[in-house]
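To start, the structure under review is shown below, and the notes come after it.
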Amino acid sequence: MSSPYIVGNWKMNGLRSTLAEARAIDRAAARYPKVELALAPPATLISRMHDVVNAIGIGGQDCHVEDSGAFTGDISAAMLKDAGAQFAIVGHSERRAAYGESDATVRAKAQSALDAGLTVIVCVGETEAQRDAGDAEKVVTSQVAASIPQGEDVAPRVTLAYEPVWAIGTGRVPSVDDVAAMHRAIRATLESAYGAAGKTVRILYGGSVKPDNAAELLGADEVGGALVGGASLTAESFIGIVEAVSPAQED
Ligand code: 13P
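Each residue of the sequence shown is one higher than the one before, counting from 9 in the numbering used here.
Listed below in structure tokens is the structure:
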């Protein structure tokens, strides 16, 4: 198994003063050599964050499908890369819901991120109504199949994030058994898309991950890390999650 990948999604939070938290996370990262850490700050902070951290990855929270052009307010994957990002998150449920992003749009964004030389985190997840109707696995696996970038050798640059919409920012989390069942279903979908390479794609869990539930959630079958929202905004809670998953190595 590869090391756990713990990614903080700052969403629309963070001013220059917040970079102190990123610096503290970066300093702490040395104590956790078995964990891969990254932050996705708002685009305005990518370049500045890149200047002040060494040990953690940096990513964007979205990208446009095109490299450049007349798309007022949008940011391309090439621009994220130029600012210092190594990856882009695409298909977050907040974007799917607020901007009507379809699976096809998410796939095009993922493809443009790869074309720009970034890796990509593709997000999927069911709503509460879909889970209550017994459709969660069907919904999520069809999102995976239609949203991931296609190609013979892209799998090593793809990460999946399963984020049940009803667990985001609510303090509610699925049972460990439900997380494991969904991650196994996602794994099967990745293997049918990518063949053997689909076995190594990391599948993150996201939705109300906190220091006190992280070890249990990340211990579930096929969970390769976490995508953390609110608890990634301070070094204290983000490192609390890392510590819970893989205790610090003291030298
Ligand atoms: P919370 O950790 O705040 O629930 O957010 C999860 C999320 O949406 C990360 O992308």
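Where is the CB? At the ideal position from N, CA and C, for every residue including glycine.
Every value quoted in this text rests on a predicted model; they were computed, and no experiment measured them.
Item checked: When I14, A38, V152 and A222 are compared against R195, the one with the closest alpha-carbon -> As a working mapping, residue 195 is identified with position 187 in the sequence shown. In terms of CA proximity to R195, V152 leads the group I14, A38, V152 and A222.
Margin query: DSSP three-state label for A153, please.
Written below: Along the sequence shown, one-based indexing puts residue 153 at 145. In this structure, A153 counts as helix in the three-state DSSP scheme.
Note to self: Quick check on DSSP: helix, strand or coil for R39?
What the structure shows: As a working note, residue 39 is residue 31 in the sequence shown. For R39, the three-state secondary structure derived from DSSP is coil.
Item checked: Assigned exposure category for R180 - 16 Cβ within 10 Å defines buried -> The residue given as residue 180 occupies position 172 in the sequence shown. Per the 10 Å Cβ criterion, exposed.
Next item on the list: Decide if A85 is buried, meaning its Cβ has at least 16 other Cβ atoms within 10 Å, or exposed.
Entry: As a position in the sequence shown, residue 85 is number 77, starting the count at 1. Residue environment analysis places A85 among the buried positions, since at least 16 neighbouring C-beta atoms fall within 10 angstroms of its C-beta.
Check: Hey, P41 and Q257 are a contact pair by Cβ (cut 8 Å); roughly how many whole angstroms apart?
Finding: Counting from one through the sequence shown, the residue named residue 41 turns up at place 33. Counting from one through the sequence shown, the residue named residue 257 turns up at place 249. Indeed, because the Cβ distance is near 6 Å, the residues count as touching under 8 Å.
Notebook entry, point to check: How long is the line joining the alpha carbons of T52 and L88, rounded to whole angstroms?
Noted result: The count along the sequence shown starts at 1 and reaches residue 52 at position 44. The count along the sequence shown starts at 1 and reaches residue 88 at position 80. Straight through space, the alpha carbons of L88 and T52 are spaced by roughly 10 Å.
Check: Contact between the stretch 107-117 and the stretch 142-159: three or more CB pairs below 8 Å?
Finding: Verdict: yes, contact present.
Next item on the list: Determine the direct distance from the alpha carbon of A37 to that of D70, and round the result to whole angstroms.
Entry: Counting from one through the sequence shown, the residue named residue 70 turns up at place 62. Counting from one through the sequence shown, the residue named residue 37 turns up at place 29. Note on geometry: alpha-carbon atoms of D70 and A37 lie some 25 Å from one another.
Checklist line | Closer than 6 Å to ligand 1: residues, by C-beta to nearest heavy atom, in chain order | finding: In chain order, the hits are N17, H100, E171, I176, G177, G214, G215, S216, V217, L235, V236, G237, G238 and A239.
Next item on the list: Counting only runs of 4+ residues fully inside the stretch 133-206, write out the alpha helix (DSSP H) ranges in chain order.
Entry: Here the runs fully enclosed are 136-140, 144-155 and 184-202.
Next item on the list: Please work out which residues of its chain come closer than 6 Å, Cβ to Cβ, to T127, disregarding the five sequence neighbours upstream and downstream, and give them in chain order.
Entry: Here residue 127 refers to the residue found at position 119 of the sequence shown. Same-chain partners within the cutoff: F95 and R165.
Note to self: Does F246 pass the burial test, meaning 16 or more other C-beta atoms within 10 Å, or should it be called exposed?
What the structure shows: Here residue 246 refers to the residue found at position 238 of the sequence shown. By the 16-neighbour rule on beta-carbons within 10 angstroms, F246 is buried.
Next item on the list: Could you round the C-beta distance between A163 and A205 to whole angstroms and report it? I think they count as a contact, below 8 Å.
Entry: Counting from 1 along the sequence shown, the entry for residue 163 is found at position 155. Counting from 1 along the sequence shown, the entry for residue 205 is found at position 197. 4 Å between Cβ atoms; contact.
Item checked: Continuous beta strand (DSSP E) stretch holding A48: start and end -> The residue labelled residue 48 in the question sits at position 40 within the sequence shown. From DSSP, the beta strand (DSSP E) with A48 extends over E44 to A48.
Margin query: Tell me the rounded alpha-carbon separation between R56 and L235.
Written below: Position 48 of the sequence shown, counted from the first residue, corresponds to residue 56. Position 227 of the sequence shown, counted from the first residue, corresponds to residue 235. Spanning the two alpha carbons is a distance of roughly 22 Å.
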